[in-house]
Amino acid sequence: MVTLQGEKYMTDFEAKKAILDIGKRMYDKGFVAANDGNISCKTSPRTIWTTPTGVSKGFMTQDMLVKMDLEGKILIGRMKPSSEVKMHLRVYKENPGLKAVTHAHPPVATSFAIAGISLDSAILTEAVMGLGTIPVAKYATPGTQEVPDSIAPFVNAYNGVLLANHGALTWGNDLYQAFYRLESIEYYATILMYTGNIIGRQNILSCSQVNKLLDIRKKLGITSGGIPPCAACETNDRDIITSDDIRPLEMVELLRAGSTSGKKLLDSEENTNPCESQTSHGIKGVTPLVKPGDKVNIPSDAAACDRTKEEIIAEVVRRVVEELKAGGTV
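Listed below in structure tokens is the structure:
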């Protein structure tokens, strides 16, 4: 490391070695295919080392790398830099304190980018603390000035961005932080896919829980990232012994006897539970989502958020029995 103008930077040798290491990791993880992706690292306030065009990130050698200034002039190197280095240069222009940028096409995160779905659900503590939210920048033709223009609004407020129909871009205070954020984005997207689209259920962290994580994030020195929507009610504050939906014997007998009112009441009770709803993008959730600090209209029955499914079913059974008695059928 060297210190220039009060800031620490990797030496040329350290930067080139790290770029090759990160490129190999990207390739081995399947974040890039063929010659996809690009990496850059600052070695002074005005210079960067970056990856060449037309070379697999898993098979680079140090003599292939290119040294440039922040205006895009090649200083050292026999190969051409990627046309997407424009994104990297724009990141450094928008936020001079950043020292590294990584771009790749991790499959799950790229799928969210193609679908136009941002990563903004408060379901994973590490994601809230380390990433925050990851927006989707509007579509831009690769290699053109449209791309740096599309990502510019997000550089100072977030830790990374999805590129519509393209991939993911992350930045950081050093090359490994930028790459770890890329890894975290793919992991976050994978968890969102599993819980939202395969399991079909997500317990969203409450605003109180998110606020505590934001305090931790601040103590870690992370000042950007955005705040994901949170839940009005805590839904993960109880141990779960079994997730089986076991109905009382009376309810089963009533349903077998042909009572449709029991099913209607059960559906009504479940649908009016204030701690159950749908999140955006068709992903199933369990609570209404709000932003930390927003005023929430909690039901007048404050205990409603604490009712278990067994209690709701018991209430449904009581109502069905009363209805049947009133009709003279029991």
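In our numbering, the protein residues as written are 141 to 470.
Where is the CB? At the ideal position from N, CA and C, for every residue including glycine.
Residue from the options with nearest C-alpha to residue i
i              : options                        : result
serine 364     : Leu215, Asn296, His228, Pro247 : Asn296
threonine 375  : Ser348, Leu353, Ile367         : Ser348
asparagine 175 : Ala466, Ala329, Ala292, Ser222 : Ser222
tyrosine 320   : Val350, Thr143, Ala277, Gly270 : Gly270
histidine 243  : Arg186, Thr190, Phe252         : Thr190
cysteine 373   : Ile367, Asn337, Pro432         : Pro432
glutamine 145  : Lys220, Val172, Arg218, Pro236 : Pro236
glycine 366    : Tyr334, Val268, Thr382         : Val268
arginine 165   : Gln285, Glu286, Leu315         : Leu315
glycine 502    : Tyr328, Thr382, Gly340, Arg186 : Nothing about residue 502 can be read from this structure; the chain reaches only from 141 to 470.
proline 246    : Gly307, Pro282, Ile452, Val231 : Gly307
alanine 253    : Glu463, Asp355, Thr330         : Thr330
lysine 157     : Met200, Gly467, Glu463, Asp379 : Met200
alanine 251    : Pro288, Ala304, Gly283         : Position check: residue 251 holds serine in this sequence, whereas alanine was assumed. Residue Ala304 is the option with its Cα nearest to serine 251.
glycine 312    : Asn337, Ala255, Thr265, Val231 : Val231
proline 90     : Lys233, Arg341, Gly361, Glu154 : As displayed, the chain neither begins before 141 nor continues past 470, which places residue 90 out of reach and without an answer.
aspartate 161  : Thr143, Ser196, Val142         : Ser196
proline 122    : Thr284, Lys278, Gly283, Arg459 : With the chain covering only 141 through 470, there is no way to say anything about residue 122.
glutamine 317  : Arg341, Ile380, Asp355, Ile362 : Ile362
glutamine 342  : Ala371, Asp355, Ser324, Asn351 : Ala371
valine 350     : Asp434, Ala280, Glu286, Ile338 : Asp434
threonine 143  : Tyr167, Lys169, Ala173, Pro185 : Pro185
glutamate 266  : Gly212, Ser324, Val457, Arg459 : Ser324
proline 282    : Asp377, Gly177, Glu462         : Gly177
Expected contact under 8 Å - CB spacing of residue i and residue j to nearest Å
i              : j              : result
valine 225     : leucine 309    : About 12 Å separates the two Cβ atoms, so there is no contact after all.
isoleucine 188 : methionine 227 : Not really, about 12 Å apart at Cβ, beyond 8 Å.
isoleucine 159 : leucine 205    : 6 Å
aspartate 207  : glycine 194    : Here the sequence assigns lysine to residue 207, which means aspartate is not the residue at that position. About 18 Å separates the two Cβ atoms, so there is no contact after all.
methionine 219 : proline 192    : 4 Å
glycine 332    : serine 261     : It is leucine, not glycine, that sits at residue 332 in the sequence shown. Between serine 261 and leucine 332 the Cβ distance is about 6 Å, and since that is below 8 Å, they are a contact.
Beta-carbon proximity of residue i to residue j, cut-off 8 Å
i                 : j              : result
isoleucine 344    : isoleucine 274 : no
aspartate 203     : threonine 183  : no
proline 369       : valine 276     : no
leucine 210       : leucine 229    : yes
glycine 198       : isoleucine 179 : no
glutamate 326     : valine 248     : yes
leucine 302       : serine 258     : yes
phenylalanine 171 : leucine 322    : yes
Bridge partner(s) assigned by DSSP for residue i
i             : result
leucine 309   : His243, Val301
aspartate 152 : Beta-bridge pairing links aspartate 152 to no other residue.
cysteine 181  : Trp189, Ala240
glutamate 374 : Note: glutamate 374 sits in no beta bridge, so no partner.
alanine 277   : Leu303
lysine 207    : Trp189, Ile216
glutamate 147 : Leu144
valine 430    : Cys370
leucine 259   : Ile274
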